[in-house]
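Asker:
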Amino acid sequence: MSSKTAGADPIELLETAFRSAMGAALGDEYAETDPIIKSSQNPQFGDYQANFAMGLAKRLGRKPRDLAQEVVDALDLSAVAEPAEVAGPGFINIRLKPGALGHLLDAMDQEALGVQPDPDPHSVAIDLCGVNVAKQMHVGHLRSTIIGDAIARIYERRGRKVFRENHLGDWGLPIAMVIDQLRRAETDLDRLTLPDLDRAYRDAQLSARADVRGLARAMEPPVAGPHRRAELEEQNAGAHEAMENAKRTLVKLQQGDPSIREDWEKLIRVTMDAVYESYELLNVRLGPANNRGESFFRDRLPDVIDAFVREGVAVEDEGALVVRFEDRDRPLLIRKSDGGFLYATTDLAAVRFRVHDLGATRVIYVVDARQRDHFRDIFDAAKKIGWDRTADGAAAELVHIPFGSVLGEDKRPLKTRSGENVTLRSLLVQAIERGEKEVISRAEDPAAPTHGAPRSELQRIGQAVGIGAVKYADLSNDLVRDYVFNFDRMIAFEGRTGPYLQYAHARICSIFARAEIDPESLRDRAVLPDEPEEKTLALMLLKYGGVVDDVARSLEPHRLCTYLYELADAYSSFYQKCPVLKADEASVRDSRLRLSDLTRRVLQDGLDLLGIEAPQRM
RNA sequence: GCACGUGUAGCUCAAUUGGAUAGAGCAUCGGCCUUCGAAGCCGAGGGUUGCAGGUUCGAGUCCUGCCACGUGUGCCA
């Protein structure tokens, strides 16, 4: 504990003490061994425990309990804890002294709230959202956007420079197909609406996407009927023509044809304006500055190919250029046999840019789990050519966060009743409407703190509540799993939901509002957790910095969600049992006010890391 | 076919990355508002962690083999 910002997390303090005891009891070389300090699950085992003894005894061929006892005998924790006890097969249980708890909370009572800065001075690049400019955002974009934004906020909170990279689908054949389709339908691009665009996208897909596989299948035994075959052949002929048109349009676009170029820009303007509106509703920190999509990398693709050829990492195969891997059959195609580039080519250009130009030592892809294989190949190809090292020689880690799909009640990917993709906007509007409805109806109660508040404020709160419910529901699951989207459950506002956390926060705000106390004025008052509920709350508060650190490392925001729920839960129990403003003694009241203030700030800060607002009242 | 992923309470999910008696929420049942916000609190019931082996002081977690579901799978992105 040498640094000026002595960590508030007692785990560090205990680690230091244990290391020195292990050195003293077992020999200096053991002062480097990890004592494996964890907070205890069950209060009967104390507040913290050291779990090193079992594993270490195994390696030393000794009895774990004896080993544990020797270290305990050399341990001096008298300043902060009761004497440590050896229990079970060799666990060491530690119980903090109430006074120490107060001092640790004092140490935590700073702007950082116990969150430690990340020692890595390099930046982090996060690939998120990945909107396709040829169509409207749909539920598929929800997760990537809010998970990516939350992770970005967590890294920023720990002092890292973060580049949120919105890898727009704004170039290539699909765009050319849509432009073609719009021209064919003689759509006025100055009046282009999103439904027009979605229709054009779908029609373009239908007319151009040949049912090649269907045809191939129909030709294999058992051969499909002649009628079906003729139908497929006709489709394919039409598809072929549409595809050829699109390719010609793409060439013109690439050559800078002014008229095509103009249409392309109009198209992007229409979709992106709507995208920015959704960002606003979602409360994510994304805007035009984050756009770095396929069109940005288009000029770098030939150089990517050159590099792979020059370094001998890619080889020709059946006319295409591929990267092969030792441990799998599937190669990665980086150039088609007709000389065209693929999305893999763009992704490799992006890896290089993020590591070399942005200097990121962690490049995080928040892209759904279906692209697992793809990113595995991309990352391995990047490693083969050495693009996993920054200009100043630091190793860059490429990580894919393979999140699961949003499902409907039927356990199939979420669709509207008519089978269309659910637009993100309609989903957000619905969430906001329900949030507003709840907030407004509760404000009708004359006893409610929101009673008589202006409608505009109630709407603002309702939006925060509705969006908070959706975000918490999404972020609180382990990301790799699919999850069932259920509005009623996430907006029930009961139990483990976003609004529960917001409620706990608002309730603390109203304590200070009611008493007209400025929390700053209490900074010199002692905090003395005495009741069990106070102690539980205090221990929970001290975990915050460690949780943020853990989530930044593991990229599992649901751990932060769980923590915040447990904190709010601990506060609710405390609030029920321990009168704050009505405490019998002034010293108890002040102590509880400080506990309340710290809880409020951690809730607000933690919710902010999740991109969830914390209204003062609701 | 092959590869990857997921199987935990009636439902939706956790489980400090191998630690002590597998925990929450919803739903069900029973208590708590003339004292700081009941969107709340306290309590009860509910489990062969898909199945079978294995590794070790200890396995929901690691290994092997099955089963079920899902996703991906050479010139779309």
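One point on numbering: in my numbering, the residue at position 28 of the first sequence is 199, and numbering is uninterrupted.
Heads up, the beta-carbon is just placed ideally off N, CA and C, and yes, glycines get one too.
What you are looking at is a predicted structure, and each value in this text was computed from that prediction instead of being measured.
Check each candidate in G194, D199, E183 and name the one with the smallest Cα separation from I207.
Answerer: Looking up residue 207 in the first sequence gives position 36. Answer by Cα proximity: E183.
Asker: Give the single residue among Y536, S725, H676, L424 whose Cα lies nearest to the Cα of D298.
Answerer: Start at 1 with the first residue of the first sequence, and residue 298 comes out as number 127. Taking only the C-alpha atoms, the option nearest D298 is Y536.
Asker: For N222, which three-state DSSP category applies?
Answerer: As a first step, residue 222 is located in the first sequence; it is residue number 51 there, counting from the start. Looking at N222 - three-state DSSP - the assignment turns out to be coil, as it is neither helix nor strand.
Asker: Does DSSP put F688 in a helix, a strand or coil?
Answerer: Mapped onto the first sequence, residue 688 falls at position 517. Note that residue 688 is Ile in the sequence shown, not Phe. Correct three-state label for I688: coil.
Asker: What do you get for T587, buried or exposed, if any count of 16 or more other CB atoms within 10 angstroms of its CB means buried?
Answerer: Position 416 of the first sequence, counted from the first residue, corresponds to residue 587. Exposed: under 16 other Cβ atoms inside 10 Å.
Asker: Using the rule of at least 16 other Cβ atoms within 10 Å of the residue's Cβ for burial, across every protein chain shown, is H331 buried or exposed?
Answerer: Translated into positions along the first sequence, residue 331 becomes position 160. Residue identity check: residue 331 is Arg in the sequence provided, not His. With 16 or more other Cβ atoms within 10 Å, it is buried.
Asker: If the criterion is Cβ atoms closer than 7 Å, does the pair S534 and A296 meet it?
Answerer: Counted from its first residue, the first sequence places residue 534 at position 363. Counted from its first residue, the first sequence places residue 296 at position 125. Checking the displayed sequence, the identity of residue 534 turns out to be Val instead of Ser. Yes, they are a contact pair.
Asker: If you drop the 5 nearest sequence neighbours on each side, which residues of the same chain put their C-beta closer than 8 Å to that of D434?
Answerer: As a working note, residue 434 is residue 263 in the first sequence. The answer, listed in chain order, is I350, L353, R354, L360.
Asker: Nearest-angstrom Cα distance between A278 and P290?
Answerer: Walking along the first sequence from the start, residue 278 turns up at place 107. Walking along the first sequence from the start, residue 290 turns up at place 119. When rounded, the distance between both Cα atoms is 20 Å.
Asker: Residues in its own chain within less than 7 Å of A619 by CB, not counting five upstream and five downstream?
Answerer: On the first sequence, position 448 is the one that residue 619 refers to. These residues qualify, in order along the chain: R613.
Asker: Looking at L275: is its Cβ nearer than 7 Å to the Cβ of L713?
Answerer: For this step, residue 275 is matched to residue 104 along the first sequence. For this step, residue 713 is matched to residue 542 along the first sequence. Cβ distance < 7 Å, so L275 and L713 count as in contact.
Asker: Pull up the distance between the alpha-carbon of T792 and that of S597, whole angstroms please.
Answerer: Since the first and last residues shown for the chain are 172 and 789, residue 792 lies out of range.
Asker: Return the CA-CA distance between R847 and F574, expressed in angstroms with no decimal places.
Answerer: Residue 847 lies beyond the stretch modelled for the chain, which goes from 172 to 789, so this question has no answer here.
Asker: DSSP three-state call for V383: helix, strand or coil?
Answerer: Position 212 of the first sequence, counted from the start, is the residue given in the question as residue 383. Unreliable placement is indicated for V383, whose pLDDT of 46 sits below 50; the coordinate value is still reported in the next sentence. In the structure shown, V383 sits in a helix (DSSP, three-state: H, G or I).
Asker: Compute the beta-carbon to beta-carbon distance between A640 and M661, rounded to the nearest angstrom, for a pair I have assumed lies under 8 Å.
Answerer: Here residue 640 refers to the residue found at position 469 of the first sequence. Here residue 661 refers to the residue found at position 490 of the first sequence. A640 to M661, Cβ: 5 Å. Contact.
Asker: Put I265 into one of helix, strand or coil per three-state DSSP.
Answerer: Along the first sequence, one-based indexing puts residue 265 at 94. Strand at I265.
Asker: Run the CB neighbour count on K706, radius 10 Å, all protein chains shown included, and call it buried at 16 or more, exposed below.
Answerer: For the purposes of this step, residue 706 is taken as residue 535 along the first sequence, with counting starting at 1. The residue in question, K706, is buried, as its Cβ has 16 or more Cβ neighbours within 10 Å.
Asker: Please find out if some non-hydrogen atom of the ligand SAH comes closer than 6 Å to the beta-carbon of D695.
Answerer: With respect to the ligand SAH, the structure offers nothing, as it holds no ligand at all.
Asker: Please report how far the alpha carbon of E580 lies from the alpha carbon of R543, in whole angstroms.
Answerer: Counting from 1 along the first sequence, the entry for residue 580 is found at position 409. Counting from 1 along the first sequence, the entry for residue 543 is found at position 372. Taking the straight line joining both Cα atoms gives about 25 Å.
Asker: To the nearest angstrom, how far is it from the Cα of G340 to the Cα of L735?
Answerer: Looking up residue 340 in the first sequence gives position 169. Looking up residue 735 in the first sequence gives position 564. Cα to Cα, the separation comes out at about 36 Å.
Asker: For Y492, which beta-bridge partners are listed by DSSP?
Answerer: In the first sequence, counting from the first residue as 1, residue 492 sits at position 321. Reading the sequence as shown, one finds Leu at residue 492 and not Tyr. Paired residue(s): E487, R506.
Asker: Leaving out the 5 sequence neighbours to the left and right, which residues in its chain are closer than 8 Å to R560 when beta-carbon positions are compared?
Answerer: Counting from one through the first sequence, the residue named residue 560 turns up at place 389. These residues qualify, in order along the chain: V526, A566, A567.
Asker: Count the other CB atoms within 10 Å of the CB of A757; is the residue buried (16 or more) or exposed (fewer)?
Answerer: Position 586 of the first sequence, counting from 1, holds the residue named residue 757. Answer is exposed; the Cβ neighbour count stays below 16.
Asker: Excluding five sequence neighbours on each side, which residues of the same chain lie with their C-beta closer than 6 Å to the C-beta of Q630?
Answerer: Counting from 1 along the first sequence, the entry for residue 630 is found at position 459. E607, listed in sequence order.
Asker: Check T733 in the structure and name its three-state DSSP category.
Answerer: As a first step, residue 733 must be located in the first sequence, where it is residue number 562. Helix at T733.
Asker: Just tell me which of R506, R788, G777, L769 has its CA closest to the CA of I325.
Answerer: The count along the first sequence starts at 1 and reaches residue 325 at position 154. Ranked by Cα distance from I325, the first of R506, R788, G777, L769 is G777.
Asker: Could you give the distance in angstroms between the alpha-carbon of D551 and the alpha-carbon of T516?
Answerer: As a first step, residue 551 must be located in the first sequence, where it is residue number 380. As a first step, residue 516 must be located in the first sequence, where it is residue number 345. If you draw a straight line from the Cα of D551 to the Cα of T516, it comes to about 13 Å.
Asker: For G198, tell me which candidate among L238, N213, P703 has the shortest Cα-Cα distance.
Answerer: Reading the first sequence from its first residue, position 27 is the one you call residue 198. Per the Cα distances, L238.
Asker: Quick one: Cα of R678 to Cα of A686, how far?
Answerer: Residue 678 sits at position 507 when you count from the first residue of the first sequence. Residue 686 sits at position 515 when you count from the first residue of the first sequence. Distance between the alpha carbons of R678 and A686 is about 13 Å.
Asker: From the DSSP output, read off the bridge partner residues of S294.
Answerer: Counting from one through the first sequence, the residue named residue 294 turns up at place 123. According to DSSP, which records beta bridges pairwise, S294 is partnered with A531.
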